[in-house]
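*Asks:*
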Amino acid sequence: MYKFLTIILILFSFTPSKAQSELDWEDHFSYYQIQDIARSGSTFFVGAQNTVFIYNQTTSRVEKISSIQGLSSQNISKIHFSASYNLLFIGYETGLIDVYNLQNKSVFKIVDIPNKTGIPPSERRINYMLEDEGKLYLATNYGITVFRLNELKFGDTYFIGNAGANLQVNQLAIQNDNLYAATQAGLRYADKNNPNLIDFNEWNAINSTEYKGVALVDNQLLALTANNVLQKVQNNNITQQVNVNFDVVDFRVSNKQILLTGSQTIKIYDQNLSEVQNLNNFSTFSPQFTCAIYHNARFYTGDFNLGLLSFINAFDEPKYLSPLGPIRNDVFGLDAVANELWAVYGEYTGALDPYPLNQRGVSHLKNERWINMTYDDLQDTRVLVRPIINPKQTNQVFISSYVDGFLELVNNEIVFKYDENTANLPETLDPNGNTVMGDVRVNGLDFDSTGNLWGTISLVKNGLFKLTPSSGALEFFDISEIIPNYFSGELGLSDLVIDQSNLIYFGSYANGLIGFNPASGQFTKVTGQESAGNLPEGNSVKTLALDNNNQLWIGTTLGLRVLFNPSSMFTNPDTSTSQIIILDGDGVAQELLAENSIQDIAVDGNNNKWIATEAGVFYVSANGQETIYHFTTDNSPLPSNSVTSIAIDPETAKVYIGTRSGLVAFRGTATKSQENFEQVKAYPNPVRPNYKGPVTIDGLMAGANVKITDISGNLVFETTAQGGSVQWDTRAFGKHAVASGVYIVMLTSADQLETKLAKIMIIR
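In my numbering, the protein residues as written are 1 to 764.
(1) Would you kindly work out how many angstroms separate the C-alpha atoms of Lys461 and Thr435, rounded to a whole number?
(2) State the Cα-Cα distance for the pair Leu321 and Gln220, rounded to the nearest angstrom.
(3) Short check: CB of Thr659 to CB of Pro639, under 7 Å?
(4) Taking all protein chains shown into account, decide if Met373 is buried (16 or more other Cβ within 10 angstroms of its Cβ) or exposed.
(5) If we count the other Cβ atoms within 10 Å of its Cβ and call it buried at 16 or more, is Lys3 buried or exposed?
(6) Bridge partners of Asn237, per DSSP?
(7) In the region 224 to 296, which residue ranges form an unbroken beta strand (DSSP E) of at least 3 residues, counting only runs that do not cross its ends?
(8) Quick one: what does DSSP say Phe53 is sitting in, helix, strand or coil?
(9) Quick check on DSSP: helix, strand or coil for Ser725?
(10) Count the other CB atoms, across all protein chains shown, that sit within 10 Å of the CB of Asp250; report buried if there are 16 or more and exposed otherwise.
(11) In the DSSP assignment, the beta strand (DSSP E) including Leu757 goes from what residue to what residue?
(12) If you compare alpha carbons, which of Pro566, Leu747, Ser400 and Gly262 is closest to Asn280?
(13) Which residue wins for smallest C-alpha separation from Asp778, given the options Asn196, Val169 and Val248?
(14) Under the three-state reduction of DSSP, which class applies to Ser567: helix, strand or coil?
(15) For Thr543, which beta-bridge partners are listed by DSSP?
(16) Measuring CB to CB, does Val253 end up less than 7 Å from Gln241?
(17) Under 8 Å by Cβ, that's how I've got Val738 and Arg731 pegged, so tell me the actual separation to the nearest angstrom.
(18) Nearest by alpha-carbon distance to Gly70: which of Ser77, Asn101 and Lys78 is it?
(19) So, are the CB atoms of Gln727 and Thr669 less than 7 Å apart?
(20) According to DSSP, Glu131 sits in a beta bridge with which residue or residues?
(21) Taking just the CA atoms, how far does Tyr486 sit from Asn305?
(22) Distance check for Gln674 and Leu753, CA to CA, integer angstroms please.
(23) Does the Cβ-Cβ distance between Lys78 and Ile126 come in under 7 Å?
(24) Got a sec: does the ligand NAD put a non-hydrogen atom nearer than 6 Å to the Cβ of Val217?
(25) Nearest-angstrom Cα distance between Leu309 and Gly302?
(26) Can you name, in chain order, every residue of its own chain whose Cβ lies under 7 Å from the Cβ of Glu22, other than the five neighbours on each side?
(27) Within the chosen definition, does the region 178 to 189 reach the region 201 to 211 through at least 3 CB pairs nearer than 8 Å?
(28) So, for Asn502: in the same chain, excluding its five sequence neighbours on each side, which residues have a beta-carbon less than 7 Å away from its beta-carbon?
(29) Please list the terminal residues of the continuous beta strand (DSSP E) segment that includes Leu334.
(30) For the pair the region 626 to 637 and the region 698 to 707, tell me if three or more CB-CB distances fall below 8 Å.
(31) Three or more C-beta pairs under 8 Å: does that hold for the region 674 to 689 against the region 337 to 349?
(32) Exposed or buried, which one is Ile8 when buried takes at least 16 other CB atoms within 10 Å?
(33) Using 8 Å as the cut-off, can you tell me whether the region 562 to 576 makes contact with the region 587 to 600, which would need three or more C-beta pairs spanning the two stretches below that distance?
(34) Near Ser66, what residues of its chain come up, given a Cβ to Cβ distance below 6 Å and the 5 sequence neighbours on each side ignored?
(35) Beta-carbon separation of Gly513 and Val497 under 7 Å?
(36) Quick one, are the C-beta atoms of Tyr55 and Phe44 less than 7 Å apart?
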């Protein structure tokens with residue numbers, strides 16, 4: 001029995017270390033993969049994959065609830081709204097329950113079921129929630145648990161399988177004080193007022209057929225079998241039944257009728273099992289329904305791809321009611337420029353295996369508005385893994401596919417698909433050297449300073465290519481000299497970057513870091529073999545980033561390395577990478593991110609590094625010696641610790657963090673440096689009494705000297721800008737808070753040829 005409730009209150013602002021509570025986050029989740037809908041009056045509560053939104057039919061107002069507000073970002077299985085208590089219950093696959101208080105906008109986490117070690121994790125799923133007389137009955141994969149709404153405590157748990165065994169309960173209904181359970185082993189019932197329901201002997205079985213659901217319509221009990229047979233139950237006997245003729249995914253009472261929803265069909269029956277409506281062959285869209293409600297002569301349906309829809313009949317053009325967002329949550333690759341972001345959702349394993357091949361489309365955020373393109377919009381291109389925006393022409397984007405070549409898009413439209421047929425891209429060779437027809441694995445992409453696009457192709461002899469976008473000319477380069485086993489021992493090529501001198505660097509699964517000099521045609525390599533480069537064991541390079549000092553940061557499956565002078569690998573055969581050695585809290589030297597699988601690295605305007613790992617995201621100083629932030633699901637709105645990709649908007653300093661469970665953005669402050677002081681600004685300004693965060697001074701030149709004085713000329717702060725911005729904590733050299741007044745910001749360029757003054761008003 002569960003007798004006590006463990007509740008954790010999650011407020012709007014988190015309180016982790018490094019003053020992260022003062023930092024802003026943005027939600028960029030997908031609200032299209034709908035799991036469940038609940039309704040109260042004209043208000044609809046909609047559970048998406050790991051987020052919730054509230055839609056008001058009268059006002060069309062939408063309120064989003066996500067990890068930013070404290071939700072758990074796990075896979076939602078069921079939701080329930082209690083009008084009596086003004087609480088929204090969100091049940092998860094893990095058995096966790098979040099409770100959202102609509103009055104004070106807080107979230108409670110109920111963790112008792114996930115913490116119950118005696119119940120296998122696969123049996124903790126919340127399948128259904130039924131409210132009755134101050135109790136919330138939870139149907140789970142192990143049985144039934146009672147939650148007392150009046151006391152905010154768990155009551156008893158009923159294990160109603162044979163001999164008290166765990167038994168999956170899919171849905172619940174109450175008729176004449178009898179509690180009915182649709183289970184894997186029949187329709188079972190007991191008197192809800194029986195004080196001894198924890199005894200399995202008190203439960204009766206009508207039959208042993210597997211049931212999907214049970215519901216009550218005008219005091220008539222109806223049940224649905226696993227074989228999609230709708231049954232009328234009278235006096236605990238099956239008296240009538242009808243075959244529904246499609247696979248029912250949602251079974252519920254709506255508008256005093258039974259609503260049965262399939263992926264492409266909706267039927268309504270009355271309590272006498274007479275068919276009232278039958279919707280199929282939808283003419284204006286292709287549904288993949290997950291649930292539905294019928295209200296005021298309109299259907300409100302949850303769809304796995306299209307979000308919340310509203311329509312009158314199968315011929316009606318639906319209203320699309322979900323909040324705008326990316327097409328999916330499982331982000332794999334990102335790229336950003338000023339006020340734009342591209343996201344893709346292709347995927348491959350750590351061993352660069354793209355199978356099973358996915359068909360997931362792409363998403364484009366521009367000026368805070370999302371544009372989504374589906375698989376059908378992209379000429380059936382699968383496994384899209386890396387987008388790259390042309391820095392000289394930002395409406396042009398190239399996207400690599402790890403099976404179908406690569407795409408060129410202009411203004412969100414495909415202008416060309418480069419593959420084995422249209423561009424003679426080489427097809428993959430299997431380990432025996434045989435061609436795999438229709439398999440072209442393009443991965444890393446980058447632009448050189450003259451506007452050429454370079455990319456890698458895995459498991460082929462000509463594994464490096466150059467595209468001149470202006471002419472469409474392609475040139476291929478033979479990598480067999482540097483990777484002789486390019487199809488037999490090498491599983492593939494990964495990321496690619498180009499330095500200030502147009503030298504090419506790309507990673508491989510088993511051959512370490514490869515360098516290529518286009519001017520001379522020279523290939524070179526850095527590995528982890530003894531005296532050959534100091535890469536971690538395995539030589540598996542996953543990601544690369546060149547910082548503002550042209551140092552190469554290398555992410556591998558087993559840690560982080562830096563090549564401080566990457567061009568040296570072309571002249572010095574003994575070139576070696578370096579670990580970042582830091583001191584832990586006890587003063588013991590250790591390697592930064594030792595044995596962590598590094599998924600991505602991004603460099604901000606201050607030359608600091610954002611590093612994506614399977615243990616969250618790390619933000620480290622320019623030299624890696626200081627960990628400024630370490631964001632995880634425990635101390636931030638990060639929806640998953642499995643971080644796949646990071647991209648930074650150079651103008652706003654916004655850091656986009658892609659994970660396997662969704663996309664969030666951190667409002668950073670390290671903007672790109674400027675060529676002059678014309679765009680200098682300080683914010684917030686004025687600083688009001690209730691603001692506790694830092695002041696950001698933006699629009700700086702790299703290396704600029706920044707001094708802040710009071711109106712009398714007393715110096716209170718001084719620093720040197722590493723990028724385009726600095727922050728001041730409004731304290732006098734980090735000690736006491738400065739008093740109210742006007743403060744003068746004096747800026748001097750590194751060459752002392754340019755100066756600028758700005759003012760900051762502080763109100764205590």
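A virtual CB, placed ideally from N, CA and C, is assigned to each residue, including glycine.
*Replies:* Checking against the coordinates, here is how it stands:
(1) 12 Å
(2) Straight across, the Cα-Cα distance linking Leu321 with Gln220 is about 33 Å.
(3) Taking 7 Å as the Cβ cut-off, Thr659 and Pro639 qualify as a contacting pair.
(4) Flag for Met373 reads buried.
(5) Bear in mind that the predicted position of Lys3 carries a pLDDT of just 36, short of 50, making it unreliable; the figure below should be weighed with that in mind. Per the 10 Å Cβ criterion, exposed.
(6) Gln234
(7) 229 to 234, 237 to 243, 250 to 254, 257 to 261, 266 to 269, 275 to 279 and 289 to 295
(8) In the three-state reduction of the DSSP assignment, Phe53 falls in the strand class.
(9) Ser725: strand per DSSP, three-state reduction.
(10) So Asp250 counts as buried.
(11) Thr755 to Ile762
(12) Gly262
(13) Shown here, the chain extends from 1 to 764; a query on residue 778 therefore has no answer.
(14) helix
(15) Residue pairing by DSSP puts Thr543 in a beta bridge opposite Gly555.
(16) no
(17) Cβ-Cβ separation between Val738 and Arg731: approximately 7 Å, consistent with a contact (criterion under 8 Å).
(18) Asn101
(19) Less than 7 Å divides the Cβ of Gln727 from the Cβ of Thr669.
(20) Leu136
(21) 39 Å
(22) 14 Å
(23) yes
(24) No copy of the ligand NAD appears in this structure; indeed no ligand is present at all.
(25) For the pair Leu309 and Gly302, the Cα-to-Cα distance works out to about 6 Å.
(26) Interpretation of Glu22 is limited by its pLDDT of 38, a score under 50 that renders its predicted location unreliable; the figure taken from the coordinates is listed afterwards. Same-chain partners within the cutoff: Lys692 and Gly693.
(27) yes
(28) Asp448, Ser449 and Pro518
(29) That run of the beta strand (DSSP E) goes Gly333 to Val337.
(30) no
(31) no
(32) Unreliable positioning characterises Ile8 in this predicted model, as indicated by a pLDDT of 40, which lies under 50. A coordinate reading is not provided.
(33) no
(34) Answer for Ser66: Asp27, Phe29 and Thr51, listed in chain order.
(35) Before going on, a small fix: residue 513 reads as Leu here, not Gly. No, the Cβ-Cβ distance between Leu513 and Val497 is not below 7 Å.
(36) yes
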